[in-house]
Amino acid sequence: MFDTLTNRLQGAFQRLRGKGRLTEDDVKEAMREVRRALLEADVNHVVAKEFTERVREKAVGQEVLQSLTAAQQVVKIVHDELIDLMGGSQEKIARASKPPTVVMMVGLQGAGKTTAAAKLARYLTMQEHRRPLLVAADIYRPAAIDQLKVLGEQVKVPVFSIESGAKPQEIVQGALAEARRGGYDYVLVDTAGRLHIDEDLMKELDDLVEIASPDEILLVIDAMTGQDAINVAQNFHDRLHLTGLVLTKLDGDTRGGAALTVRHVTGCPVKFVGTGEKTDALEPFYPDRLASRILGMGDVLTLIEKAQATFDEKEAKDLEAKIRRNEFTLEDFLNQLRQMRNMGPLDQLLGMIPGMNKLKQQMEGRSIDESQIGKVEAIILSMTREERQKPELVMKSSSRRVRVAKGSGTQVKDVNQLLQRFEEMRKMMKMFSGPGAKRKMRGLGDLTSAMQGGSGTAQPRTHRHKKKR
Amino acid sequence: MGFFQRLKSGLAKTRQAFTDRIRDVLGRRKIDDDVYEDLEDILLGADLGVSTTEELLNALVKEAKRRKLETADQLIPVLRDLILEIFKENNIEVPAAPRGLQVLLVVGVNGVGKTTTIGKLAHHYLSTGKKVLLAAGDTFRAAAIEQLAVWGERAGVDVIRQNQGADAAAVIFDGIQAAKARSADLLICDTAGRLQNKAHLMEELQKIHRIIKREVPDGNHEVLLVLDATTGQNAIVQAKVFNEVAELTGIVLTKLDGTAKGGVVIAIQQELKIPIQWVGVGEGMDDLQPFSAQEFVEALFEKV
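Taken in sequence, the protein lines are chains A and B. To convert, count from 1 in the first sequence and add 7; that's the working numbering. To convert, count from 1 in the second sequence and add 1105; that's the working numbering.
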């Protein structure tokens, strides 16, 4: 359903071939596509407008570089600008000169504050070797205090709570005293979820800020948030002067455009992202990755990391070396397929590889059949050890191909197709690895189209969006 | 009495007439590109998404030409009808439930308000005279079982539960057996929040659904997807994937008491035709209302 921005821009720039410079009109057309991509990623429409305006100014009059197509060049400008807007580098969590450092987590209901608080506690303990104290100040949601207690136990961080009838104000006061007494250097306050327009509850946050004068007020925001992110961020920021953001549920398949909105409105850096339900699933924020994700350009780094989490490290290193030496065999391929199956649905993985989005689209509707993997497995297992190491053997010999097809209960054409795909994959992997991978990646667009041509699939007609008014 | 009988509509906010309010936004300007752009902003800002917004506006332009409309305020009723047309098939008046135990499975991604919704549903059905039982199928999240137990207590219904970490499908199976043994009318099953791209969690859900289908005759089980109105375009993917896995029979749109409009359900309605049955408008036991397309569409155009 999501067209990649590059594909769309290529459509918009078709008539531009051979031009040396981007004119105002060319760019205008392109910006419509950029805006559309941003909107599809849930960037607020006002923010999207302002953003495209900024990019337009930058893009007009630029020379079309020889190495890049105009489309790619615009994407690059957009990408760079996105990274710029989301704050070039990572920012660490505050540390008060005089401990304890007080961190307050605020946000809407269901954003993931309690989970994020526990994750942050774990992070501070494990990575920064600090002694945090968790504070259960959500007295409204049933069992919210229990939840924090259970999580506190899991991450081995004490949880401060007052059982019955205490107000959040009293709880926070008590927690501060306890922190000083117990020599804790971080106090992490989990507040109740609240609507930004709930005057009473927002007033309560004012009180908490006054009592605790926090060094860090983190707005916890769900990565799937839509257009309303602008109101949420604006209200919380106006009221509390946020210092940072935590973006949660980024392990979903949302494009996460809300991050751009919130960043744009508050100017606060995203300090952490939540990438899973387990307490160790808290990661630093990489603007470049999110920029790619928002633009639907895939997320190779995330893919690599996901793979790393699944593969054991030594195995991964061996594999990498093999790819570099172009010794990647069908056996490795099979192993990988099996492991990939553990990583999640295939079509989602495909979406993370740049250029593969197009492929993914073609498969839309007949989504990647996981049973295909079973077929591939059968074919590879029907080969001899030697054949798996040297697929050329099978490729060159029709009697081997017939045998393998029979052995695996498939057709010869299936065997051929697998071998062909494998070769293509091997080529592509070679490009990704080794020095200059990033530079080579730019050539990927061509490669994927070559691949598609090769495997006989028709190119989808790029539907060109035109304003009909 | 229908399974999804409407709540008494005493809760509904009184609203200004639709056309009056919109006039403030657009005025009696002559129709031009700016007018359409303002409308586009309203629709996009309400999370209708680019494609749906475009379709609606294209249809609106056509209609405006056909009817030779001249001023902006004349556009609004046409636009409203175009959207209402999409909801035409959104029929929440499900035919009277067959006899025997009804099982209601509640699913959704993390943090959308499943447990709270279940508390409200339990309260509602109890008030219609049904014997209700809850099953604590979220065995994953810390204290989720306790949270449901609190809601059960508030509503005054029993909760079938096991310990955290137990097999969710087993808990729900137990729930069904208990509900049958106690001849309950309705069993509402909570499930853990799961992102729709997590294959193993969706498999777990499939298993739960399979068990319900096996234990309860067709027509006696429903699957409700809870969607957070704050969610953007990802809600479409959520609805699609959950529908593939567990054949959704209805949608609950929560957190409509904020400033989010939840317009993404229009695209969902267009594509999947799953009726939106309830809207959540607060944290109280009574803050659940039957979905009204009319009110929903009017609220889309309300200024934040």
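Think of the CB as a built atom: it goes at the ideal place given N, C-alpha and C, for glycine as much as any other residue. Just so it is clear, the structure is predicted and the values come from calculations on it, not from any experiment.
Subject >> Sequence-distant residues of its chain with Cβ nearer than 6 Å to Q161/A (five each side left out) >> reply: Within the same chain, Q161/A has close Cβ partners T286.
Original post:
So, V196/A versus F167/A, is the Cβ gap smaller than 7 Å?
Top reply: Their beta carbons are not under 7 Å apart, which means V196/A does not touch F167/A by this criterion.
**OP:** Please say whether D1243/B and A1289/B have beta carbons closer to each other than 7 Å?
**Re:** Taking 7 Å as the Cβ cut-off, A1289/B and D1243/B do not qualify as a contacting pair.
Original post:
Which stretch, first to last residue, makes up the beta strand (DSSP E) that contains A144/A?
Top reply: Where A144/A is concerned, the enclosing beta strand (DSSP E) stretches over 139-144.
Original post:
Could you check where the alpha helix (DSSP H) with Y193/A kicks off and where it finishes?
Top reply: If you look at Y193/A, you'll find it isn't in any alpha helix (DSSP H); it sits in the beta strand (DSSP E) that goes 193-198.
Subject >> Reference P398/A, options V383/A, F429/A, E384/A, Q418/A, closest by Cα >> reply: Sorting V383/A, F429/A, E384/A, Q418/A by C-alpha distance to the C-alpha of P398/A places F429/A at the top.
Subject >> Proximal chain A residues relative to K1378/B, where beta-carbon distance stays under 7 Å >> reply: Simply none; closest approach about 17 Å.
Subject >> Meets three-Cβ-pair contact criterion under 8 Å: the region 177-197 of chain A and the region 138-156 of chain A >> reply: Three or more beta-carbon pairs drawn from the region 177-197 of chain A and the region 138-156 of chain A are found closer than 8 Å, and the two stretches are therefore classed as touching.
Original post:
If the cut is a Cβ gap below 9 Å, which residues of chain B does I224/A touch?
Top reply: I224/A does not reach chain B, its nearest Cβ partner there being about 20 Å away, counting only Cβ pairs nearer than 9 Å.
Original post:
Is the region 1174-1187 of chain B close to the region 1303-1318 of chain B, with three or more CB pairs under 8 Å?
Top reply: The region 1174-1187 of chain B is not in contact with the region 1303-1318 of chain B.
Subject >> Segments of 3+ residues assigned as beta strand (DSSP E) that fall wholly inside the region 80-144 of chain A >> reply: As far as the region 80-144 of chain A is concerned, its whole beta strand (DSSP E) runs of at least 3 residues are 108-113, 139-144.
**OP:** Decide yes or no for the touch test of the region 114-131 of chain A against the region 269-276 of chain A: beta carbon pairs closer than 8 Å, at least 3 of them.
**Re:** Here the region 114-131 of chain A makes no contact with the region 269-276 of chain A; the two share fewer than three CB pairs at distances below 8 Å.
Original post:
Who are G1385/B's beta bridge partners in DSSP?
Top reply: In the DSSP secondary-structure assignment, G1385/B is bridged to L1393/B.
Original post:
In or out: V383/A buried (at least 16 other Cβ within 10 Å) or exposed?
Top reply: Using a 10 angstroms sphere on the CB of V383/A, the tally of other CB atoms reaches 16 or more, which defines it as buried.
Original post:
Any idea if E371/A is buried or exposed, counting beta-carbon neighbours within 10 angstroms, 16 or more meaning buried?
Top reply: Legend: pLDDT at E371/A = 49, less than 50; position of this residue unreliable, value from coordinates given subsequently. Result: exposed.
Original post:
So, is the C-beta of F1406/B closer than 7 Å to a C-beta in chain A?
Top reply: Chain A, which has no Cβ nearer than 7 Å to the Cβ of F1406/B, makes this no.
Subject >> Test: V1255/B CB closer than 7 Å to a CB of chain A >> reply: True, the Cβ-Cβ gap to chain A drops below 7 Å.
Subject >> V307/A at chain B interface by Cβ criterion, 7 Å >> reply: Confidence in V307/A is poor, its pLDDT being 47 and thus under 50, which makes the residue's placement unreliable; the coordinate value appears in the next sentence. By this cut-off, V307/A is not an interface position.
**OP:** Please list the segments of the beta strand (DSSP E) lying wholly inside the region 253-285 of chain A, counting only runs of 3 or more residues, in order along the chain.
**Re:** The region 253-285 of chain A contains, as complete beta strand (DSSP E) runs of 3+ residues, the segments 277-281 (chain order).
Original post:
Do H1326/B and I1313/B have their C-beta atoms within less than 7 Å of each other?
Top reply: Contact: no.
Original post:
With 7 Å set as the bound, which would you pick, yes or no: does the beta-carbon of L1330/B sit closer than that to a beta-carbon of chain A?
Top reply: So, not an interface residue.
Original post:
With burial defined as no fewer than 16 other Cβ atoms inside 10 Å of the residue's Cβ, what is the status of V1264/B: buried or exposed?
Top reply: Looking at its Cβ environment, which holds 16 or more other Cβ atoms inside 10 Å, V1264/B is buried.
Original post:
Looking only at its own chain, which residues have a Cβ that is under 8 Å from the Cβ of V216/A, when we skip the five neighbours before and after it?
Top reply: M111, I224, L247.
Original post:
Run through DSSP, which three-state label would T232/A get?
Top reply: Assigned with DSSP and collapsed to three states, T232/A falls in strand.
**OP:** Consult DSSP for A1073/B and reduce its assignment to one of helix, strand or coil.
**Re:** The displayed coordinates of chain B run from 1106 to 1409. Any statement about residue 1073/B would go beyond what the structure contains.
Original post:
Rounded to a whole number of angstroms, what is the C-alpha to C-alpha distance between V1350/B and E1309/B?
Top reply: Across the structure, V1350/B and E1309/B are spaced so that their CA atoms are roughly 10 Å apart.
Subject >> Segment contact flag, the region 1220-1227 of chain B with the region 1383-1394 of chain B, C-beta cutoff 8 Å, min 3 pairs >> reply: These segments touch.
Original post:
Can you tell me whether DSSP reads T1296/B as helix, strand or coil?
Top reply: Residue state, collapsed to three classes: strand.
Subject >> Option nearest T391/A by Cα separation, candidates R63/A, D235/A, R407/A, Q379/A >> reply: Scanning R63/A, D235/A, R407/A, Q379/A for the CA closest to the CA of T391/A turns up R407/A.
Original post:
Do you know how far the Cα of H271/A is from the Cα of R201/A?
Top reply: Cα to Cα, R201/A sits roughly 22 Å from H271/A.
**OP:** Please determine if the region 230-240 of chain A and the region 43-51 of chain A are in contact, where contact requires at least 3 C-beta pairs separated by less than 8 Å.
**Re:** In short, these stretches touch, since the Cβ pair count reaches three.
Original post:
What are the residues of the region 242-257 of chain A that lie near chain B, defined by any Cβ-Cβ distance shorter than 9 Å?
Top reply: Answer set for the region 242-257 of chain A: N242, T255, K256.
Original post:
By Cβ distance, which residues of its chain are closer than 7 Å to A1419/B, with the 5 residues on each side in sequence left out?
Top reply: Past the edges of chain B, shown from 1106 to 1409, lies residue 1419/B, and the structure says nothing about it.
**OP:** Confirm, please, whether the CB-CB distance from G1218/B to T1359/B is below 7 Å.
**Re:** A contact, by the Cβ cut-off of 7 Å.
**OP:** Answer with yes or no whether the minimum CB distance from L1238/B to chain A is below 7 Å.
**Re:** For L1238/B, the answer is no, since every Cβ of chain A falls outside 7 Å of its Cβ.
**OP:** Indicate the three-state DSSP secondary structure (helix, strand or coil) for K1378/B in the structure shown.
**Re:** DSSP places K1378/B in coil when its eight states are reduced to three.
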